[in-house]
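Protein chains in written order, with my numbering: chain A, 1 to 274; chain B, 1 to 288; chain C, 1 to 358.
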Amino acid sequence: MSALTRWSLVGATWLIILIVLILPPLLVLSEALRDGLLTALQTLADPDALSAIQLTVEMTILSVAINTVFGVLAAWTISKYRFPFRGVLVALIEIPISVSPVVAGLVWLLLFGSQGWWGAALDRYNIHIAFASPGILLATLFVTFPYVARTVLPLMEQQGRDAEDAAMLLGASFWQILWRVTLPDARWALLSGVLLTTARAMGEFGAVSVVSGHIPGMTETMPLHIETLYNGYQSVAAFTMAALLALMAMLTVGFRAMFENRARRMAKAGGMEA
Amino acid sequence: MRLMAEAIFSSLRRKSDPLPGFRLALFSTLLWIGLIVVLPITALVVRPWQEGLGAMTAALHDGRMFAALEVSFLTAFLAALINVPIGLLLTWTLVRVKLPGRRIVDALIDLPFAIPTAVTGITLATLYGPQGWLGKPLAHLGITVAYSTAGIVVALIFVGLPFIVRSVEPVLRDLPPELEEAAGLLGATSWQTVRRVVLPTMLPATVTGFGLAFARGIGEYGSVIFIAGNQPFRTEIAPLLVVVRLQEFDYAGATSIAFVLLAASSLCLAGVALLRRRVARGLITGID
Amino acid sequence: MSVRIEDLVRRAPGNHDRILLDQVTVDIPDGAFVALVGPSGAGKTTLLRAIAGLDPFDTGRIVIDDRNTNDLSARERNVGFVFQNYALFRHMTVAKNISFGLDVLPGSQRPAKSEIDRRVKELLDLIQLPDLGSSYPQRLSGGQRQRVALARALATRPKHLLLDEPFGALDPVVRRTVRQWLRSLHDQLGLTTILVTHDQEEALDVADRLVVMQDGRIVQDDGAEALENRPATPFVMEFLGETLSFPGRITGGMFLPELPHVAPFPVAGIADGPAAALIRPHEIRLTPEAGGAPVQRAGSRYGLSKLAVDLGDRIVDILVPASEAVPASGVKLHIAAARLFRDDRLLEPTHEARVAAA
Numbered sequence: 001m002s003a004l005t006r007w008s009l010v011g012a013t014w015l016i017i018l019i020v021l022i023l024p025p026l027l028v029l030s031e032a033l034r035d036g037l038l039t040a041l042q043t044l045a046d047p048d049a050l051s052a053i054q055l056t057v058e059m060t061i062l063s064v065a066i067n068t069v070f071g072v073l074a075a076w077t078i079s080k081y082r083f084p085f086r087g088v089l090v091a092l093i094e095i096p097i098s099v100s101p102v103v104a105g106l107v108w109l110l111l112f113g114s115q116g117w118w119g120a121a122l123d124r125y126n127i128h129i130a131f132a133s134p135g136i137l138l139a140t141l142f143v144t145f146p147y148v149a150r151t152v153l154p155l156m157e158q159q160g161r162d163a164e165d166a167a168m169l170l171g172a173s174f175w176q177i178l179w180r181v182t183l184p185d186a187r188w189a190l191l192s193g194v195l196l197t198t199a200r201a202m203g204e205f206g207a208v209s210v211v212s213g214h215i216p217g218m219t220e221t222m223p224l225h226i227e228t229l230y231n232g233y234q235s236v237a238a239f240t241m242a243a244l245l246a247l248m249a250m251l252t253v254g255f256r257a258m259f260e261n262r263a264r265r266m267a268k269a270g271g272m273e274a
Numbered sequence: 001m002r003l004m005a006e007a008i009f010s011s012l013r014r015k016s017d018p019l020p021g022f023r024l025a026l027f028s029t030l031l032w033i034g035l036i037v038v039l040p041i042t043a044l045v046v047r048p049w050q051e052g053l054g055a056m057t058a059a060l061h062d063g064r065m066f067a068a069l070e071v072s073f074l075t076a077f078l079a080a081l082i083n084v085p086i087g088l089l090l091t092w093t094l095v096r097v098k099l100p101g102r103r104i105v106d107a108l109i110d111l112p113f114a115i116p117t118a119v120t121g122i123t124l125a126t127l128y129g130p131q132g133w134l135g136k137p138l139a140h141l142g143i144t145v146a147y148s149t150a151g152i153v154v155a156l157i158f159v160g161l162p163f164i165v166r167s168v169e170p171v172l173r174d175l176p177p178e179l180e181e182a183a184g185l186l187g188a189t190s191w192q193t194v195r196r197v198v199l200p201t202m203l204p205a206t207v208t209g210f211g212l213a214f215a216r217g218i219g220e221y222g223s224v225i226f227i228a229g230n231q232p233f234r235t236e237i238a239p240l241l242v243v244v245r246l247q248e249f250d251y252a253g254a255t256s257i258a259f260v261l262l263a264a265s266s267l268c269l270a271g272v273a274l275l276r277r278r279v280a281r282g283l284i285t286g287i288d
Numbered sequence: 001m002s003v004r005i006e007d008l009v010r011r012a013p014g015n016h017d018r019i020l021l022d023q024v025t026v027d028i029p030d031g032a033f034v035a036l037v038g039p040s041g042a043g044k045t046t047l048l049r050a051i052a053g054l055d056p057f058d059t060g061r062i063v064i065d066d067r068n069t070n071d072l073s074a075r076e077r078n079v080g081f082v083f084q085n086y087a088l089f090r091h092m093t094v095a096k097n098i099s100f101g102l103d104v105l106p107g108s109q110r111p112a113k114s115e116i117d118r119r120v121k122e123l124l125d126l127i128q129l130p131d132l133g134s135s136y137p138q139r140l141s142g143g144q145r146q147r148v149a150l151a152r153a154l155a156t157r158p159k160h161l162l163l164d165e166p167f168g169a170l171d172p173v174v175r176r177t178v179r180q181w182l183r184s185l186h187d188q189l190g191l192t193t194i195l196v197t198h199d200q201e202e203a204l205d206v207a208d209r210l211v212v213m214q215d216g217r218i219v220q221d222d223g224a225e226a227l228e229n230r231p232a233t234p235f236v237m238e239f240l241g242e243t244l245s246f247p248g249r250i251t252g253g254m255f256l257p258e259l260p261h262v263a264p265f266p267v268a269g270i271a272d273g274p275a276a277a278l279i280r281p282h283e284i285r286l287t288p289e290a291g292g293a294p295v296q297r298a299g300s301r302y303g304l305s306k307l308a309v310d311l312g313d314r315i316v317d318i319l320v321p322a323s324e325a326v327p328a329s330g331v332k333l334h335i336a337a338a339r340l341f342r343d344d345r346l347l348e349p350t351h352e353a354r355v356a357a358a
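In structure tokens, the structure reads:
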């Protein structure tokens with residue numbers, strides 16, 4: 001290949017990278033800091049902004065905790081026991097990945113909305129799920145459902161069951177096996193799955209948008225508040241919140257890449273010595 | 001479904017597995033999958049039929065719905081298509097050229113995965129807006145991106161790019177450079193080498209990446225709505241119409257669009273899964 | 001502290017026509033060292049895992065110390081088990097691996113921390129790795145890992161030790177040492193040990209008794225000497241060592257080989273009919289015979305000369321003392337030490353014939 005072709009290809013690559021991948025984050029920062037850092041930070045002190053941040057943190061912690069516990073149990077069940085239709089369970093776990101976020105929100109309205117199957121009945125007992133935080137939690141749970149199970153499952157499959165069998169013969173109970181034998185061995189994959197879930201949970205927009213009802217200060221998460229601010233022409237506030245959210249998500253993903261590298265190196269080292 | 005439940009419960013009853021905790025683990029797994037996935041998806045599948053045939057027929061005569069679906073499918077297809085050469089080029093430089101700052105580029109590729117869609121949405125809308133860094137120069141050239149179909153495609157290109165790169169990358173990495181060198185020694189020009197040796201090998205992975213990007217594009221919402229303009233019949237995407245119908249309390253209308261979206265992305269991913277299995281079994285070698 | 005297996009049957013899950021264990025019955029008394037041997041797929045590991053409670057079975061029962069284990073979970077059997085790949089916990093130190101069985105005991109039964117530490121130290125000394133307590137398994141050699149796996153299995157003082165191909169991953173020299181060490185451990189601790197191996201020499205070396213398995217069935221269950229002198233089937237004979245087979249007939253108290261240059265020999269008390277004479281290469285005697293089978297030196301083994309004898313339709317290798325001269329003119333083979341088989345069963349002289357011979 002001639003040097004000319006080579007370098008024009010490399011040039012084209014950098015141009016694409018610049019336009020597609022570098023300009024957008026730069027723009028976020030530039031828009032947020034248009035009136036200076038102080039102004040930008042002051043927009044975060046707004047009560048609605050604070051409430052959005054708080055709600056996002058709460059929803060993220062809850063959905064990550066729930067999906068981690070059940071994701072680990074599901075991965076354990078599918079990888080360590082032999083029973084029919086395991087493949088179907090794996091397929092079911094993967095469904096949320098392919099579902100449009102809007103649909104992921106809609107399904108909860110079909111169950112708990114005012115016209116949903118159980119919405120009216122629950123309303124009578126003063127239980128509100130749609131257009132309230134339980135609905136936001138359910139939508140987030142659905143969207144982030146697969147990630148822990150999917151990252152932990154292949155590793156657990158590959159580890160086989162000998163260590164668990166050995167622990168059982170030595171008298172360990174179910175929780176002792178899970179907590180002392182299986183999980184410590186899968187900790188890097190688990191951490192990676194948890195971080196991925198975290199990044200997805202705090203950034204989810206479409207699904208939460210559908211079920212939340214967009215009540216500022218009440219049911220607005222950070223992404224929803226960004227939309228409200230942007231549509232209200234509060235550009236600096238919108239982009240400051242966007243920068244904060246993007247930073248949180250990117251840090252999470254960055255940590256994950258770091259740990260994943262480490263896990264891969266460990267797996268390689270273990271594989272060589274085994 | 002019934003058959004599956006019976007099989008699972010019979011294995012619950014049998015005390016076959018000595019590893020403790022089987023019942024507890026299986027029960028919590030089924031509970032979790034049942035409540036968070038199966039129940040809502042069932043509602044989506046059952047609901048359209050519950051309203052009676054009238055609502056379904058009404059939905060099927062909804063021109064705005066078909067227009068929105070057309071916009072979504074067309075833009076998702078176009079974006080995935082444009083992403084193929086862009087993605088292949090990026091992957092190739094990433095793997096084959098000792099590009100300075102390769103690690104940074106590698107990290108940047110995942111940016112669209114990492115950035116929340118709402119942030120992507122307002123950023124692209126501003127970037128390509130009439131006053132934006134790219135929108136303004138483009139406007140001088142007479143090209144409008146924001147608030148047009150082109151804007152939707154741009155957003156979907158951004159969102160879909162990692163799918164192509166991350167699908168093709170492992171295959172290209174495993175492809176020995178000797179293959180390209182051998183073709184060169186046999187007298188093939190570099191273009192011939194790329195077209196006859198490299199591209200066919202990467203075809204299955206490329207189709208996989210295309211399928212994943214397309215499936216994601218059909219359902220994408222947050223990154224698109226800010227840049228799309230959202231005019232009914234012209235730049236209104238199907239997921240947005242779902243939201244509009246919900247705001248109108250038209251559950252039947254919203255559900256029928258959602259149903260089509262779910263079916264389309266499921267079919268797409270099933271196709272990708274099938275392709276992968278066939279590649280894994282060696283039915284498609286890529287080189288012919 | 002015995003293990004009794006009665007009529008154990010296990011069918012393959014998913015394919016009920018394939019039988020993995022076929023009416024297996026074994027009695028292993030207290031203090032015995034038994035090896036389950038056989039080719040791969042014979043069901044040895046399946047049987048061992050069933051005894052440990054790791055794998056299920058369809059019918060029959062396993063009685064350990066006079067307790068029917070059908071109602072006993074794997075955890076309650078208190079058998080020590082060493083896995084083929086050792087299954088050490090990768091994220092725990094050697095000491096933590098060894099103390100695992102004590103650490104997971106319920107609080108009321110768990111020994112004090114100092115007591116556990118003492119036990120770990122004792123076991124580290126026992127496996128001759130006193131300084132490796134704080135290492136991680138990845139840092140150990142195969143032989144060391146194997147000994148750690150043993151120490152872990154012994155920490156809770158089980159009376160029964162089950163080992164699945166424990167020497168499979170070790171190099172030949174280490175294998176022999178670990179083997180002897182294991183035997184002395186068995187004697188020292190008064191264990192009842194069951195070991196699975198596909199290597200018959202290893203089994204003969206270390207165990208009191210061999211249970212030979214084939215296709216899920218027990219073919220023979222005997223001591224080394226009995227297996228060598230009276231193998232139940234040609235398979236047992238062939239499995240235990242190099243074997244030469246000579247087809248022929250028994251007529252009027254004589255075995256008449258089909259091949260030329262093989263001497264007939266008398267057999268007492270066996271009915272006439274076809275038979276096969278199976279013999280070890282070193283048990284064959286040669287005598288010079290003009291125009292006999294051509295013979296050639298073909299190397300040496302264990303200080304014996306290996307001779308290639310051309311019997312026309314095949315060449316057989318036999319072993320003779322190195323001092324013996326090789327007759328240039330040809331040889332005749334004497335196989336009177338052979339075991340005789342008909343329809344895959346050992347032919348044994350009738351009781352009367354044996355009395356007469358005595």
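We treat Cβ as the ideally placed atom computed from N, Cα and C, and that holds for glycine.
Within chain C, the residues that GLN158 of chain A reaches when beta carbons sit closer than 8 Å: The premise fails here: GLN158 of chain A is roughly 13 Å from chain C at the closest Cβ pair, so nothing lies under 8 Å.
Whether PHE246 of chain C touches LEU259 of chain C by CB criterion (8 Å): Yes, Cβ-Cβ distance for PHE246 of chain C and LEU259 of chain C is below 8 Å.
Length at least 4, wholly inside the stretch 189–268 of chain C: the alpha helix (DSSP H) runs in chain order: Note on the stretch 189–268 of chain C: whole alpha helix (DSSP H) runs with a minimum of 4 residues are 200–206, 224–229, 234–240, in chain order.
Sufficient close CB pairs (3 or more, under 8 Å) joining the stretch 242–255 of chain B to the stretch 72–87 of chain A: no
Presumed contact (8 Å Cβ cut-off) between ALA120 of chain A and ALA74 of chain A, rounded CB distance: In fact, because the Cβ distance is near 33 Å, the residues do not count as touching under 8 Å.
Residue-level contact to chain A via CB, TYR128 of chain B, 8 Å cutoff: no
Chain C contact residues for VAL181 of chain A, given Cβ-Cβ distances below 7 Å: PHE89
PHE142 of chain A and ALA91 of chain A closer than 8 Å at C-beta: Between PHE142 of chain A and ALA91 of chain A, the C-beta gap is not smaller than 8 Å, which leaves the two residues out of contact.
For GLU220 of chain B and GLU236 of chain B, the rounded distance between their alpha carbons: 12 Å
Range of the contiguous alpha helix (DSSP H) that encloses THR287 of chain C: Per DSSP, THR287 of chain C belongs to no alpha helix (DSSP H); it is in the beta strand (DSSP E), 285–293.
Coil, strand or helix - PHE22 of chain B by DSSP: Correct three-state label for PHE22 of chain B: helix.
Minimum C-alpha distance to MET258 of chain A - residue among A:MET222, A:SER212, A:ILE17, A:ALA189: A:ALA189
Beta-carbon proximity list for SER223 of chain B, same chain, < 6 Å, skipping 5 on both sides: Within the same chain, and ignoring the five residues on either side of SER223 of chain B in sequence, the residues whose Cβ sits closer than 6 Å to its Cβ are THR117, THR120, GLY121, ALA155, VAL159.
Cutoff 8 Å: GLY53 of chain C Cβ touching any chain B Cβ: Yes, contact with chain B.
The stretch 256–266 of chain B in contact with the stretch 64–82 of chain B per 3-pair CB rule at 8 Å: yes
Run of the alpha helix (DSSP H) containing GLU157 of chain A, from where it starts to where it stops: 146–159
Inter-residue Cα distance where the pair is ARG14 of chain B and ALA338 of chain C: Unreliable positioning characterises ARG14 of chain B in this predicted model, as indicated by a pLDDT of 49, which lies under 50. The coordinate reading is nonetheless provided below. Roughly 51 Å between the two C-alpha positions.
Per DSSP, cross-strand counterpart(s) of ASP317 of chain C: C:ALA308
Top-ranked residue by Cα proximity to GLY101 of chain B, from A:VAL10, A:VAL152, A:LEU37, A:ALA52: A:VAL10
Secondary structure of GLY60 of chain C, DSSP reduced to three states: strand
Integer-rounded CB distance, given that MET222 of chain A should sit under 8 Å from MET250 of chain A: Going by Cβ atoms, the distance from MET250 of chain A to MET222 of chain A rounds to 14 Å, so no, they are not a contact pair.
Stretch pair the stretch 215–233 of chain A + the stretch 154–165 of chain A: three plus CB contacts closer than 8 Å: no
Helix, strand or coil at HIS225 of chain A according to DSSP, with G and I counted as helix: HIS225 of chain A: helix per DSSP, three-state reduction.
Cβ pair count under 8 Å reaching 3, the stretch 5–24 of chain C against the stretch 159–168 of chain C: no
Proximal residues of chain A, C-beta to C-beta of PRO83 of chain C below 8 Å: Here residue 83 of chain C is Phe; the residue named in the question, Pro, does not match the sequence. Those are ASP162, ASP165, ALA166, listed as they occur along chain A.
Which listed residue (C:PRO274, C:GLU242, C:ALA293) has its alpha carbon closest to that of LYS332 of chain C: C:ALA293
Of the listed residues C:VAL309, C:ILE335, C:TYR86, C:ASP221, nearest to SER141 of chain C (C-alpha basis): For SER141 of chain C, the closest of C:VAL309, C:ILE335, C:TYR86, C:ASP221 by C-alpha to C-alpha distance is C:TYR86.
8 Å Cβ cutoff, ALA12 of chain C in contact with chain B: no
Alpha-carbon spacing of THR228 of chain A relative to VAL236 of chain A, whole angstroms: Cα to Cα, THR228 of chain A sits roughly 12 Å from VAL236 of chain A.
Any non-hydrogen atom of the ligand ADP closer than 7 Å to ASP117 of chain C Cβ: The model on display carries no ligand, and the ligand ADP is accordingly not part of it.
Nearest candidate by alpha-carbon position, reference SER167 of chain B, set B:VAL38, B:ALA114, B:LEU90: The shortest C-alpha separation from SER167 of chain B is found at B:LEU90.
Beta carbon proximity, THR240 of chain A to chain B, threshold 8 Å: no
Where THR197 of chain A falls: helix, strand or coil (DSSP): helix
Pairwise C-alpha distance: ARG209 of chain C and GLU115 of chain C: Distance between the alpha carbons of GLU115 of chain C and ARG209 of chain C: 37 Å.
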